[in-house]
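**Q** Take a look at the following structure, please.
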Ligand code: ARG
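In the working numbering, the protein residues as written are -3 to 584.
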């Protein structure tokens, strides 16, 4: 469906044109004074400058043309030259009825679906997921779902960190601890054990010990680097160990991501592009993009009008091994070959912006990225604790994501009403869903680039701008509809009538703006826009709910129309929270 605001734009633009002014002056926006009008057009003010006329005069001419227009209840000029617009209730009701029949509640699919890869998650194997990973997963999942809802062909890739120095650290640490393992025996010709020599917990411990050691001990760092480069060069024993690390980690990662309701289409990682590295390096060399700098192979990516220093991208280290930029470039190479994408969206910590700037420039300059391919770096800020520093456990350590999820679920359980007669199983299911909504909404309702403070009490509150509040609203509507159905007065064919009160009209106006909200959050890759919308919508609904007795309304037509409104609100809220990756309990 065409967005209401777009229709209004068209009408106003036509009117400006008819009066002899440029069409673009007819731009309409949502009113910033909702107490005065629903929509406004500021074009007369801008046109006044261009045409040297009084703005109120221009506004008057435009209004004269539109005063009998079928769409408007009221169109008037306000000083110094605004045009205030109210649409007719009948138009609004008609629009909502159309939305009600539409599977996507008025959202139109893109006419040219793009192939979009969303690179998010970005977990590094061998380490358990910690709070630092939450934003990539939560924001990326929402962007993926929103893009898909807009009709694009979207592929989500976890892009595991499975090829870097951390693997070399683990291998060399294990070698120090258990040198007799077959993986470390030169010329070993037997089969390597099918079973890994460590569990996931042991792996975490080995990794932590190894990284502490490497940081403080040059010899250990050297060993780790050497092991990394030998692994990348294909050393058999190391490759076998690496497979164990990967298998064990991925099983664990899948569990945690799934408890976050985050699903990847592809479980590829840095290592998967390894097979393209040689081909890519030859291509770069043959086309004279590379040169040697202190033994390393690099590509210049600085541009003339740069205002800050953009250093060359390193393609290979002096020992021939790949680095982060190598795997990112080779992954682009691979993605172009496998999926021919129009867009790749990276959802990564904003502190990596320079790395991505270098990679994108290099990919474009060298033609690794096809012309049509655009890159979008969605750099997110940090989740901080109440002290304003990166969120830590009480003891000051890094908190595991799994533990964080449990803490939130507990906090929700405490707030839940034990008198509602839920079974224990139900309680846990509800706490899981409500807890997840607290966590995800608490994150997503912030502007992506900003840091935010993680506040369990605030996020898990059932009131205010929180996930649980939105869920509570949905559950409330479900219960109204269930009651109505139980009374047998629920019919699917009734329609939405013109509003009887201002709060009903406000709710209807909010509902009519759903497609606009989704499109904005897609085009700006800003899930917070969708959060803002559903918060406003929930408020509008609850106001309407508190001012009317829906179930006991005696006028059947009115009641049915209200139930229809409830149904549309529920559908829109349910679609929206699903786009944010949040699940809804039946009761709470
Ligand atoms: N593994 C990386 C990290 O922990 C994030 C990966 C982001 N994606 C990418 N294509 N580089 O920092």
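Where a beta carbon is used, it is the ideal one built from N, C-alpha and C, also for glycine.
(1) Any idea if residue 542 is buried or exposed, counting beta-carbon neighbours within 10 angstroms, 16 or more meaning buried?
(2) Between residue 354 and residue 441, what straight-line distance do the alpha-carbon atoms span, to the nearest angstrom?
(3) What residues are listed by DSSP as bridge partners for residue 289?
(4) By the three-class DSSP mapping on this structure, what secondary structure does residue 345 have?
(5) Beta strand (DSSP E) containing residue 310: first to last residue?
(6) Whose C-beta lies closer than 8 Å to the C-beta of residue 579 among residues of the same chain, with five residues either side of it excluded?
(7) Could you give the DSSP three-state label for residue 72: helix, strand or coil?
(8) Could you please give me the residues that DSSP links to residue 396 through a beta bridge?
(9) Please determine if the stretch 56 to 65 and the stretch 448 to 458 are in contact, where contact requires at least 3 C-beta pairs separated by less than 8 Å.
(10) Where residue 274 and residue 329 are concerned, what is the direct C-alpha to C-alpha distance, given to the nearest angstrom?
(11) Tell me whether residue 324 counts as near ligand 1, meaning its Cβ is closer than 6 Å to at least one heavy atom of that ligand.
(12) Residues in the same chain with beta-carbon distance under 8 Å from residue 120, minus the five sequence neighbours each way, listed in chain order, please.
(13) Decide yes or no for the touch test of the stretch 227 to 242 against the stretch 141 to 150: beta carbon pairs closer than 8 Å, at least 3 of them.
(14) Classify residue 97: buried if its beta carbon has 16 or more other beta carbons within 10 angstroms, exposed otherwise.
(15) Over the uninterrupted beta strand (DSSP E) stretch that includes residue 37, give me the two end residues.
(16) If the criterion is Cβ atoms closer than 7 Å, does the pair residue 476 and residue 93 meet it?
(17) I want to know whether the stretch 345 to 354 touches the stretch 191 to 198 - three or more CB-CB distances under 8 Å.
(18) Would you check if the stretch 70 to 78 and the stretch 98 to 118 touch, i.e. whether three or more CB-CB distances between them fall below 8 Å?
(19) Looking only at its own chain, which residues have a Cβ that is under 7 Å from the Cβ of residue 411, when we skip the five neighbours before and after it?
(20) In angstroms with no decimal places, state the Cα-to-Cα distance between residue 212 and residue 270.
(21) DSSP on residue 379, reduced to helix/strand/coil?
(22) Helix, strand or coil, according to DSSP, for residue 464 in the structure here?
(23) Check each candidate in 80, 359 and 322 and name the one with the smallest Cα separation from residue 340.
(24) By the DSSP assignment, the beta strand (DSSP E) with residue 81 in it spans what residues?
(25) Mapping DSSP to helix, strand and coil, what is residue 24?
(26) For the stretch 125 to 134 and the stretch 166 to 183, state whether three or more C-beta atom pairs, one from each stretch, are separated by less than 8 Å.
(27) Decide if the stretch 546 to 557 is in contact with the stretch 390 to 399; the criterion is three or more beta carbon pairs, one per stretch, under 8 Å apart.
(28) Assuming the contact rule is C-beta atoms closer than 8 Å, residue 118 and residue 260 should be a hit. Round their C-beta distance to whole Å, please.
(29) Can you check which of these residues, 517, 45 and 560, is closest to residue 503 by C-alpha distance?
(30) Who pairs with residue 112 in a beta bridge, going by DSSP?
(31) Buried or exposed, going by whether 16 or more other CB atoms sit within 10 Å of the CB of residue 129?
(32) With a threshold of 6 Å (Cβ to nearest heavy atom), would residue 126 be considered close to ligand 1?
(33) Name the residue from 538, 403 and 447 whose alpha carbon lies nearest to the alpha carbon of residue 427.
(34) Rounded to a whole number of angstroms, what is the C-alpha to C-alpha distance between residue 385 and residue 201?
(35) Less than 7 Å separating the beta-carbons of residue 36 and residue 80?
(36) Would you say the beta carbon of residue 155 is closer than 6 Å to some non-hydrogen atom of ligand 1?
**A** To lay it out plainly:
(1) Exposed is the call here.
(2) Their Cα atoms are separated by approximately 30 Å.
(3) Among the bridge pairs identified by DSSP, residue 289 is matched with 292.
(4) Strand at residue 345.
(5) Note, residue 310: beta strand (DSSP E), 309 to 312.
(6) Scanning its chain for C-beta atoms nearer than 8 Å, with the 5 sequence neighbours on each side dropped, one finds around residue 579 the residues 257, 429, 432, 433 and 573, in chain order.
(7) Strand.
(8) Answer is 126, bridged to residue 396.
(9) No, they do not touch.
(10) Pairing residue 274 with residue 329, the inter-Cα distance amounts to about 11 Å.
(11) Within the cutoff, so yes.
(12) Correct list, in chain order: 156, 157, 158, 160 and 162.
(13) Not touching, per the Cβ criterion.
(14) Label assigned to residue 97: exposed.
(15) Here the beta strand (DSSP E) through residue 37 covers 35 to 37.
(16) Cβ distance not < 7 Å, so residue 476 and residue 93 don't count as in contact.
(17) Inter-segment contact for the stretch 345 to 354 and the stretch 191 to 198 is absent: fewer than three beta-carbon pairs are separated by less than 8 Å.
(18) Taking 8 Å as the limit for Cβ pairs, the verdict is that the stretch 70 to 78 does not touch the stretch 98 to 118.
(19) These residues qualify, in order along the chain: 456 and 458.
(20) Per the coordinates, the alpha-carbon of residue 212 lies some 30 Å from the alpha-carbon of residue 270.
(21) Here residue 379 sits in strand by DSSP.
(22) When DSSP states are grouped into helix, strand and coil, residue 464 belongs to the helix group.
(23) If we check each option's Cα against that of residue 340, 359 comes out closest.
(24) Start and end: 78 to 83.
(25) Residue 24: strand per DSSP, three-state reduction.
(26) Inter-segment contact for the stretch 125 to 134 and the stretch 166 to 183 is absent: fewer than three beta-carbon pairs are separated by less than 8 Å.
(27) When C-beta atoms of the stretch 546 to 557 are compared with those of the stretch 390 to 399, fewer than three pairs fall below 8 Å, so the two segments do not count as touching.
(28) Residue 118 to residue 260, Cβ: 11 Å. No contact.
(29) The shortest C-alpha separation from residue 503 is found at 560.
(30) Beta-bridge pairing by DSSP links residue 112 to 150 and 339.
(31) When all chains shown are included, residue 129 counts as buried.
(32) Incorrect: residue 126 has no Cβ contact closer than 6 Å to ligand 1.
(33) When only C-alpha atoms are compared, the closest one is 403.
(34) Inter-residue distance for residue 385 and residue 201 is about 25 Å (C-alpha atoms, whole angstroms).
(35) In this structure, residue 80 lies closer than 7 Å to residue 36 by Cβ.
(36) At least one heavy atom of ligand 1 is nearer than 6 Å to the Cβ of residue 155, so yes.
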